[in-house]
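Remarks on the structure that follows.
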Amino acid sequence: MNAIPIGAGPQGLWEFLQVLVRSMNTRNDFSVNYLISWYELQVPELRTLAIQRNRAVVEGIRKRLPPGAPAAAELLLHSVIAGATMQWAVDPDGELADHVLAQIAAILCLMFPEHDDFQLLQAHA
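The numbering used here numbers the first residue of the sequence shown as -2 and each following residue consecutively.
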């Protein structure tokens, strides 16, 4: 995550979030990730690693928030990613990353109304 550059302003945050979301494993049946998460919660050592992973994502988002971002925006954005992922898993339509990024773009437009040009970067095949 630290290898992803820190860009300026809302656009830099948006570019980071696109790279982050597109890195999610979507090639296989994504629902298996929920089984893995369940298993991680059963094993204390794996739960610790899951907590560290979640905190790293939240911190990666926090580091890239532009000045003037709403308080706790990193937690809200992380929640949008998790919630949109669950929405898609229950009712998949199109690509996972496209669904999640559409939800993120909507919340970014609310957070940064002066910057409404959150266009998707081309996916890397």
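For each residue, glycine too, the CB sits at the ideal point set by N, CA and C.
Rounded to the nearest whole angstrom, the CA to CA distance from Ala69 to Glu37 is 26 Å. Residue Gly6 holds the alpha-carbon nearest to the alpha-carbon of Pro64 among Ala81, Gly6 and Val16.
Closest by C-alpha distance to Gln116, out of Arg52, His75 and Leu14, is Leu14. Counting only the Cα atoms, Ile48 lies some 26 Å from Ala102.
Distance from the CA atom of Glu111 to the CA atom of Pro41, rounded to whole angstroms, is 45 Å. Just so you know, the alpha carbons of Gly91 and Lys60 end up roughly 30 Å apart.
Spanning the alpha carbons of Ala86 and Gly4 requires a straight line of approximately 30 Å.
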